[in-house]
Amino acid sequence: MYGGPGLDTLDGGAGNDYIEVGLDGGDATIFGGSGDDVIEASSYQDAQLTGGAGQDQFSVSTDLAYGGYGADIAITDFVPADGDTLELIVGHDPDATYEGGNAVATLQPDADGTGTLVIYREVVYAHLIGVMPDDVPEGSIGVGLSPRTGD
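Per our numbering, the very first residue in the sequence shown carries number 1; after that it's consecutive.
The structure is reproduced here in C-alpha cells:
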C-alpha cells in the first residue's frame with residue numbers, strides 16, 4: 001500500500017502489511033492494524049504512524065521533527081517489549097551497503113515528559129508518544145544509510 005501527495009489515511013487492517021508513504025505534498029495518518037507490519041515514511045510534512053498489535057518495523061527518513069521544514073513524524077504505539085523496531089534512514093549513498101544499527105541515536109524526553117524524541121546528529125527524526133527513553137532497550141532503534149537513490 002502506498003500513499004503520495006495530498007492528505008492520506010492508510011489502514012492496513014489485519015495481516016502483515018507493507019505500507020510506504022512519501023509525504024511531499026500532504027500529511028498522513030497510517031494504521032498498520034493487527035499483524036507484523038512494515039511502515040516506511042519519508043516526509044517533509046506531518047505523519048502519525050500507528051503499527052497496531054504485532055511486531056512492527058518503522059522506518060523514517062528525511063524528516064526533521066518539531067517544525068524543521070514543518071514536518072513531524074509521531075509514532076503513537078512504539079512497544080519495544082512487543083518487538084517493535086525503528087530504523088532512521090539518515091542519508092543516501094548509491095554505493096552503500098545497508099547496515100542498520102551501526103550508529104547510535106540519542107533518546108531524550110519530550111518537553112512535557114510524556115514521550116521520547118529520537119535524535120541523530122542534533123536532528124529530531126521521530127517522536128515516540130507515550131514511551132520514555134528508559135523504556136527503549138538497546139537494539140530497538142537503529143541508524144543507517146539507504147541504498148536507494150533519488151528518494
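All C-beta atoms in this analysis are idealised placements derived from N, C-alpha and C, irrespective of residue type, glycine included.
About 5 angstroms separates the beta carbon of Asp56 from that of Asp84, a gap short enough to meet the 8 angstroms contact definition.
When DSSP states are grouped into helix, strand and coil, Ala126 belongs to the strand group. Contact between Val118 and Ile89 fails: their C-beta atoms lie close to 12 angstroms from each other, not under 8 angstroms. Residue environment for Tyr125: buried (at least 16 other C-beta atoms within 10 angstroms of its C-beta). Distances from the CA of Asp112 to each of His127, Val123, Tyr120 and Thr106 were compared; the closest alpha carbon is that of His127. Across the structure, Phe31 and Ile75 are spaced so that their CA atoms are roughly 10 angstroms apart. Inclusion of Gly35 and Ala53 in the CB contact set at 9 angstroms is warranted, their separation being smaller than that value. Distance from the CA atom of Ala41 to the CA atom of Ala28, rounded to whole angstroms, is 9 angstroms.
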